[in-house]
Structures are given as C-alpha cells and as structure tokens.
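Chains as they are written, first to last, in full-length UniProt numbering: chain G, 1 to 191; chain R, 1 to 191.
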C-alpha cells in the first residue's frame, strides 16, 4: 500500500476526507468549501489533506465524481461497440442532466483551465484514467473487427468522452440531446 | 446602423478599440489587460467601451479571434462535405497549434465557465455564430444528400466545432492529432 516515502496512507482516512468533502459541497457549494474545514472535520492536520490533494478542485472532483481508479472500474462490456456506447452515452446523459453536476463541473473546469500546473495534474489524475477506460471500449471493438485498422482508439475515446462535455458545459446544450446520435455516428463512421 | 436607443455606434471607433485590445493582449497578456487602459488609449470614455463589451473576455475574444459576423464570413464551400471539413479542420489545426492561442483560449474559457451570465453572453455573441456557420456546412451537405435524413445538422456542427476544443484545451492534446480522422469519421458516419 505504501509508496517509498513516508508512512503508508490510511485508506479509511482518505475515504472519510472524501465523504466529508461531498457533504460540504452539497451544504456550502464548491466555492464555499474550505479545505482546512474539511481537515478539521475529519480530525486530520491540513498537511495530511494537502499531501494527498494539493488543490481544492482535485479533492472536490474526486469526492463527487470519483478518482482515476473508480473511472476504470465502471466500464461497460456488452459485446458490441454499439451496446457499449449506448451504455456510455446513457451514463453521460445521467451525469450531465443534473444541474448541480453541470454547475460544479463548470466551476472545476474553470479553475483548472486557469492554471497550467493544476490543469496538468487534473488531466493526469482524473481525465486520463477516464479516457483510458473509454479507450478500452474502443480497443475491444478493434479486437472484434468493429473498427477499420487505421482508426486510432485514443481518438475514439476522446470523441466519446469529449462531446457531451463541450455540448453541455461550453455550448450550454441539454444532456438529452445527441447522445444516441453520437454513438451511432461513431459506430458507423469508424467501421 | 443605429439601434433604437442612443447614438449610432461608430464602427471606426469599434475597430480602433479592437486593434488596441489586440496589441495590449500581445504586450501584457490577457490577465494584464485593463479595460480602462484600452478606453483611454483609444480616447473614449470607459462607458463607451463597457456599453459595447460589458466584460473583458467578450472584448478580448472578439479582438483576437473575431466576433460573430467574422465567424459567418469564413465558411468553406468546396462542393463536398469531405472538402469542407478538410478546410475546417485545417483552420482549427492552425488556430490550436499556436501556444499563445491555446493559453488565451484557456484563460477566456476559464473566466466564462466561472460565471453563468458571462457564459451565456459568450455563447450568444461568439459561440453560436460559429456553430451556425458550421451548421451551414452541414446543411449544404444535407441538401446534396450527403447526410442521412435523421442526422441533425446542429449535432454535426457541434461535433466538428467541439472536438479540437476539448482535445487541445481540456485534454491537453496536440492540434496535429485527429483533425483528418474527425472529418473522415463524420463524413462516413453521417452518410
């Protein structure tokens, strides 16, 4: 469990930190959340908190939407690309149809886009594991012969992962639009 | 030229404001730009500036990347969807391959995502005219029979407009990746 430096991390404490953060976001909103208050509610020093989550958006995103490990654990595997993408776009529809999620994701993204180092850490911890998970869906499709050989599975992962993000968060569209259309165009366009 | 309220707007003054803003962004960076300094360099009152551009990101985006009218004026029309999309993705490659543009777009997007009213105005003035222009490309393709009847031209516009945005700005990918692949998947997937 431990890295090469310092004490083994206590997974139970991490889980309590995440649970307290979730509650605090619901109660006070993202902008109102103070990391020191989370630390003191859990009964740990703020250094313990900052060592694991050096910046507030990293903590809040993981608390509310799950970290990299969770992202890898929720892959659909229906046996066809069409089936897997239907499951993925339905999960996205659910996520983005909650106005509280949309507001929170916009705030988190705003903070991360405003700072290069924070953005890089956000990508490393939280974005890439999600894309890797979607790429697994694409790679399975490639193994089944559902993708032309020249189709890049990373490209398919980003196409599937990025569309609803920009449609809802940036363009202000509804989560009810276009999910099945996206899945359909990808399945037809990549085969 | 004039709206129903107040004096006709002086297009030459607007152009000077935009030119001074462009120079100031190059010299001082987006975060260093002060709207009052732009107004005084042009020799107009700050109310003149704020009446036209109530918030800094709206002014800077229009100065550097063009307003809604410019977006509508640069449509490719090659006679095929494949040709038009090749032109669109090449323009996007050029835009996003300049690190200064990427940094500026991230800063502008960060500010807009952080404030609902500003985001709505950003979408209305700057995003929707660009999407409308891409939708014209898709509508022409539909008129030529290049899209299945059930394909929504707004969806195609967002797919084309949003991919490189999220790939470069959010995921941190290179502008050299995936543009032709996107055009290809859309052409095949939508027909």
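Note that beta-carbon positions come from the ideal geometry of N, C-alpha and C, so glycine has one too.
Could you tell me which of R/128, R/50, R/94 sits nearest to residue 176 of chain R, measuring between CA atoms?
R/94
Taking Cβ to Cβ, would you say residue 157 of chain G is nearer than 7 Å to residue 126 of chain G?
no
May I ask you to report which of helix, strand or coil DSSP gives residue 78 of chain R?
coil
Quick one: grab the DSSP three-state call for residue 111 of chain R.
helix
For residue 151 of chain G, does the three-state DSSP call read helix, strand or coil?
coil
In chain G, what lies closer than 8 Å to residue 144 of chain R by C-beta?
The premise fails here: residue 144 of chain R is roughly 18 Å from chain G at the closest Cβ pair, so nothing lies under 8 Å.
Report the three-state DSSP secondary structure of residue 179 of chain G (helix, strand or coil).
helix
Please list, in chain order, the residues of the segment 155–168 of chain R that have any C-beta partner in chain G closer than 7 Å.
155, 158, 159, 162, 163, 165, 166, 167
Measuring CA to CA, which of R/17, R/52, R/108 is closest to residue 63 of chain R?
R/17
Using a Cβ cut-off of 7 Å (strictly closer), state whether residue 178 of chain R contacts chain G.
yes
Can you find a CB in chain R that lies within less than 7 Å of the CB of residue 92 of chain G?
no
Counting only Cβ pairs nearer than 7 Å, list the residues of chain R close to residue 123 of chain G.
171, 172
Beta-carbon proximity check, residue 108 of chain G vs residue 54 of chain G, cutoff 7 Å:
no
Hey, how far is the Cα of residue 15 of chain R from the Cα of residue 21 of chain R?
10 Å
Going residue by residue through the UniProt domain "HTH tetR-type" (11–71) of chain G, where are the continuous alpha helix (DSSP H) segments of at least 4 residues, counting only ones entirely within it?
11–28, 35–42, 46–52, 56–65
Rank R/132, R/172, R/123 by C-alpha distance to the C-alpha of residue 154 of chain R and give the top, closest one.
R/132
Look at the alpha carbon of residue 4 of chain G and the alpha carbon of residue 68 of chain G, and state the distance between them as a whole number of angstroms.
Legend: pLDDT at residue 4 of chain G = 45, less than 50; position of this residue unreliable, value from coordinates given subsequently. Roughly 21 Å between the two C-alpha positions.
Where residue 97 of chain R falls: helix, strand or coil (DSSP)
coil
Using a C-beta to C-beta distance shorter than 8 Å, which residues of chain R count as neighbours of residue 138 of chain G?
Those do not exist, as residue 138 of chain G stays about 12 Å from chain R at its closest Cβ, beyond 8 Å.
Which bits of chain G does residue 98 of chain R rub up against, with CB to CB less than 7 Å?
Under the 7 Å cutoff, chain G gives no residues; its nearest Cβ is about 16 Å from residue 98 of chain R.
Taking only beta-carbon positions, decide if residue 41 of chain G is within less than 7 Å of chain R.
no
Does the beta carbon of residue 126 of chain R sit closer than 7 Å to a beta carbon anywhere in chain G?
no
Starting from residue 137 of chain G, trace the alpha helix (DSSP H) in both directions and tell me its first and last residue.
128–143
Do you know offhand how far residue 92 of chain R's Cα is from residue 106 of chain R's?
15 Å
Near residue 39 of chain G, what residues of its chain come up, given a Cβ to Cβ distance below 6 Å and the 5 sequence neighbours on each side ignored?
46, 49
Using only the alpha-carbon positions, how far apart do residue 6 of chain G and residue 76 of chain G sit?
Low confidence applies here, because residue 6 of chain G scores a pLDDT of 49, under 50, leaving its location unreliable; read the following figure in that light. Using only the alpha carbons, I get a separation of about 37 Å.
Just to confirm, is the Cβ distance from residue 104 of chain R to residue 112 of chain R under 7 Å?
no
Below 9 Å on C-beta distance, what does residue 185 of chain G contact in chain R?
151, 155, 156, 159, 185, 186, 188, 189, 190
Among the residues of its own chain, which have a CB less than 7 Å from the CB of residue 60 of chain R, if the five just before and after it don't count?
21, 25, 30, 33, 108
Run down chain G in chain order and give the residues with a C-beta less than 7 Å from the C-beta of residue 106 of chain R.
113
Contact list for residue 181 of chain R against chain G, beta-carbon separation under 7 Å:
152, 155
Near residue 136 of chain R, what residues of its chain come up, given a Cβ to Cβ distance below 7 Å and the 5 sequence neighbours on each side ignored?
75
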